[in-house]
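Residue numbers (our numbering): 35 to 200.
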């Protein structure tokens, strides 16, 4: 009987969790896309395991919202920066609050984060989202939280494609 009660409480807590209200508290999204070909990325991953680029794309960076090494890397010529329009900012907020970003950790591969969203409020970074479209995975860092999981649906990919270079 005790196991049933514990299981019930666990399921109840899991299904009643709501997203942190932080995710609507930003007014700008800066989108950074890795601008290196996959063959070069594979070589860098093998040959330079401790490089800043590798730590960035494998998720070890950023360590916090003010990580100077991380921001120096994504502002290098290896990344392309774009800013979301106000319409796309609103679309992103709607997507985010519609469970596109799941808190489940299911993946068929080790994520290589090629897409980064820097969420800002009044020019101050309030969140960083690392995205691996290939693995359908994300990692979110806020002032108080760091969590990751899967990405549900193709709406996010469609939104990001508007800003990607070919």
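Glycine included, every Cβ here is placed at the ideal spot set by N, Cα and C.
Compare the beta carbon distance of residue i and residue j with 8 Å and say whether it is the shorter of the two.
i           : j           : result
residue 151 : residue 167 : no
residue 112 : residue 144 : no
residue 202 : residue 78  : This structure gives no information on residue 202, because the portion of the chain shown stretches from 35 to 200.
residue 154 : residue 61  : yes
residue 126 : residue 63  : yes
Is residue i helix, strand or coil when you go by DSSP?
i           : result
residue 116 : strand
residue 149 : strand
residue 56  : Because residue 56 sits at a pLDDT of 43, beneath the cut-off of 50, its placement in the model cannot be relied upon, and the point is left open.
residue 107 : helix
residue 95  : coil
residue 155 : strand
residue 83  : coil
residue 173 : strand
residue 64  : strand
residue 70  : coil
residue 131 : coil
residue 124 : helix
Below 6 Å CB to CB, which residues in the same chain sit around residue i once its five sequence neighbours on both sides are set aside?
i           : result
residue 173 : 93, 164 and 182
residue 56  : Here residue 56 scores only 43 on pLDDT, less than 50, and its place in the model should not be relied on; the value that follows carries that caveat. Counting only Cβ-Cβ distances below 6 Å, and skipping sequence neighbours, we find 176.
Which whole-angstrom value describes the C-beta separation of residue i and residue j, a residue pair presumed to lie in contact below a C-beta threshold of 8 Å?
i           : j           : result
residue 98  : residue 160 : With 8 Å as the limit, residue 98 and residue 160 do not qualify as a contact, their Cβ atoms being about 12 Å apart.
residue 108 : residue 148 : Rounded, the Cβ-Cβ distance is 11 Å, inconsistent with contact.
residue 170 : residue 185 : 5 Å
residue 129 : residue 190 : 6 Å
Report all residues from its chain with a CB closer than 8 Å to the CB of residue i; omit the five preceding and five following residues, and keep chain order.
i           : result
residue 199 : 67, 69 and 114
residue 39  : Residue placement at residue 39 is flagged as unreliable, the pLDDT there being 44, under the threshold of 50; the coordinate-derived value follows with that caveat. Once the five neighbours on either side are set aside, residue 39 has no close Cβ partner at all.
State the beta-bridge partners of residue i as determined by DSSP.
i           : result
residue 198 : Beta-bridge pairing links residue 198 to no other residue.
residue 164 : 150 and 173
Spatial neighbours of residue i within its chain, please: CB distance less than 7 Å, with the 5 preceding and 5 following residues excluded, ordered by chain position.
i           : result
residue 103 : 86 and 95
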